[in-house]
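Asker:
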Amino acid sequence: MQIVATILGADRLNLIADIGQVVSECRCTLLESRLTELGTEFAGHLMVEGNWNHIARFESALENLAARYALKIHMRRLPEDKPREEDAIPYAVDVVAGESGSHLYELADFFAARHIKILDVSTSRPPAPYTGTPMFIAHLTVMIPPAMKIIPLRDEFVEFCDRQNLDAILEPVKR
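Numbering-wise (my numbering), the sequence shown opens with residue -1 and increments by one.
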């Protein structure tokens, strides 16, 4: 059995260790996680696996942790019969541009219009070296259908980036 949990709250020094302890003490397995500091806040996503009684203990222990640290937690058990993922080729997209509130929307819209699933996104807004100008930096992992021709897609992406003034790379994910 699997469960997905999101955790939000004030960042604390031992919070990640406490979450790991909950997973371990409940005899669950952490399948995947993203834990990060956003400003002064903590945000985390976990996918945990265990048998039904371990998952029940995990849910209860995580709720106790939420009460102790004033965290907001949302949990959802995943269905046992997972739909089969369609075949796709993972590609990495790296983007650097001047800051604009619409870059993420424009990128997501470009891929959605071509029925390309976005698997993962991370963005940041650091200051540019030397000038301090706010920049937009994004890393996306997209899943390209195997029947899609890569060269025409790459050409469309380059044209799109030129119109939006984005410096970007679209390349296969390499392990």
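Using N, Cα and C, we set each Cβ at its ideal position, and we do this for glycine too.
Here the structure is a predicted model, which means the values were calculated and not measured.
1) Using the C-alpha atoms, what's the distance from Arg152 back to Gly42?
2) Return yes when the Cβ of Leu28 is within less than 7 Å of the Cβ of Val21, no when it is not.
3) From the DSSP output, in three-state form, read off His113 for me.
4) Per DSSP, what are the beta-bridge partners of Leu177 in this structure?
5) Within a Cβ cutoff of 6 Å, which residues of the same chain sit near Arg55, ignoring the five residues on either side of it in sequence?
6) Based on Cα-Cα distance, which residue from Ile135, Val46, His72, Glu78 lies nearest to Ser100?
7) In whole angstroms, what is the alpha-carbon distance linking Pro125 and Ile149?
Answerer: Reading off the structure:
1) Their Cα atoms are separated by approximately 33 Å.
2) Cβ atoms of Val21 and Leu28: closer than 7 Å.
3) In the displayed model, His113 falls within coil according to three-state DSSP, outside both helix and strand.
4) Because the chain here runs from -1 to 173, residue 177 falls outside it and cannot be looked at.
5) Here the set comprises Cys24.
6) Across the set Ile135, Val46, His72, Glu78, the C-alpha of Ile135 shows the shortest separation from the C-alpha of Ser100.
7) Straight-line Cα distance between these residues: approximately 33 Å.
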